[in-house]
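Beneath this line is the structure, given in structure tokens, with notes to follow.
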Amino acid sequence: MRLSMREGEAAVIYIENNAHDPAFNQAFEEYVFERVASEETILMLWRNAPAVVCGCYQNAFAEVDMLRAAERGVAVIRRISGGGTVYHDLGNVNYSVIAPADGAVDYARFIAPVVEALNDLGVPAAMNRTCDIAVNGLKVSGSAQKTAKGRVLHHGTLLYDTDLKALHALADGRRGKFASKGIQSTPWPVANMRAHLKDAPDTAEFAARLRDRLAGNAETLRLDESALSEIRKLAAEKYETWDWTFARSPAFSCETDFTMNGARVGLRYAARRGVIETIAFDAKNRRIPR
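Count along the sequence shown starting at 1, add 6, and that's the number in this note's numbering.
And the structure:
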């Protein structure tokens, strides 16, 4: 199935982006959504170096193991759409579709062509829940949407050959310790699509084949240096900043404990805009039995 979102809709154009920088790629997507005027449906396929990407309304501290992310040099990024936290690496293919909005939230409109394209490639995929794609009940894709100025941005992940151990280590969340109004992710067992293909290509070739299935006859557009310069500026001034990525987390409190000198110490702190405002320790009656 080609990407023709509605009967009578204009042709598809494909905007090329071969960058792997997570902040740049989020800025690239926002720039195209906000600034590239087009009557056509726009398709983009892109990949990130290792990153954890949170939804716009989430508490990043509750969703991401920040210490592990820092130790591994994995970027933490906040996107402009809602939904849950996802892990990206070069084994994951991201797709973005920008099209005229029709006034209703309709995930099937965008997911159905992707599912059919995956089926054409030999992946036994099917739509699962409202905004997921699964293979044999295991999630291989999650998606989210943003609507503005008569247009809808639908974007999703496609787990092809992703490091699933890193996904679980970094993006499984520690939500039980946090009290917050942020939107929580809803974890689901995941799998890679590559395991379901015979003679499976590498990730780059898989992405190329997927592009051909979705928009094989599409015009390819490459943004000029002026646009790329603005995208780099947006990445630096928004997606790489504390204010966007961390300070947008809603106010929260966290209660946990740790061991010190043989005693179990309780820790409770409260934070606003990503900064701890109060902190308290409690080691009473927490001696560990010998």
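Positions of the beta carbon are idealized from the N, C-alpha and C atoms, including for glycine. All of these numbers come straight from a predicted model, not from anything done at the bench.
Open item on the list: Which residues does DSSP list as the beta-bridge partners of W194?
Closed with: According to DSSP, W194 bridges with nothing at all.
- [ ] Write down every uninterrupted run of the beta strand (DSSP E) in the region 22-95 whose length is 3 residues or greater and which is fully enclosed by it, in chain order.
- [x] 47-52, 57-60, 81-84, 92-94
TODO: Measure from the alpha carbon of S87 to the alpha carbon of each residue in Q64, S259, D71, R74, then state which is nearest.
DONE: Q64
TODO: Following the continuous beta strand (DSSP E) through S147, name the residue where it begins and the one where it ends.
DONE: 144-154
Task: Under 9 Å between C-beta atoms of S255 and A66 - done: yes
TODO: Express the C-alpha separation of F30 and V141 in angstroms, rounding to a whole number.
DONE: 31 Å
Task: Neighbourhood of L96 by C-beta, 6 Å cutoff - its chain only, sequence neighbours within 5 removed - done: R53
Open item on the list: With a threshold of 8 Å, are at least 3 pairs of Cβ atoms found where one atom belongs to the region 19-35 and the other to the region 222-232?
Closed with: yes
Open item on the list: For V103 and H160, which I take to be in contact (beta-carbon distance under 8 Å), what is that distance rounded to the nearest angstrom?
Closed with: 5 Å
- [ ] Work out the CA separation of V271 and D108 for me, nearest whole Å.
- [x] 54 Å
Open item on the list: Do P28 and I245 have their beta-carbon atoms positioned less than 9 Å apart in this structure?
Closed with: First, the residue type needs correcting, since residue 245 is Tyr and not Ile in the sequence shown. The answer is yes: Cβ separation under 9 Å.
TODO: If I'm right that C62 touches R85 with Cβ under 8 Å, what's the distance once you round it to whole angstroms?
DONE: 6 Å
Task: Contacting residues, own chain, Cβ-Cβ under 6 Å from T173 (five flanking each side not counted) - done: Sequence inspection shows Leu at residue 173; the Thr mentioned does not correspond to that position. Around L173: Y93.
Open item on the list: Which of the three DSSP states is assigned to E211 in this structure?
Closed with: helix
Open item on the list: Can you confirm whether V146, when its beta carbon is compared against all beta carbons of chain E, has any partner nearer than 9 Å?
Closed with: No chain E appears in the structure shown, which is made up of a single protein chain.
Task: Nearest to R215 (by Cα), restricted to the options I117, E122, H26, M266 - done: E122
Task: Inter-residue Cα distance where the pair is V99 and L51 - done: 7 Å
TODO: Have a look at V281 and D249 and give me their C-alpha separation to the nearest angstrom.
DONE: 11 Å
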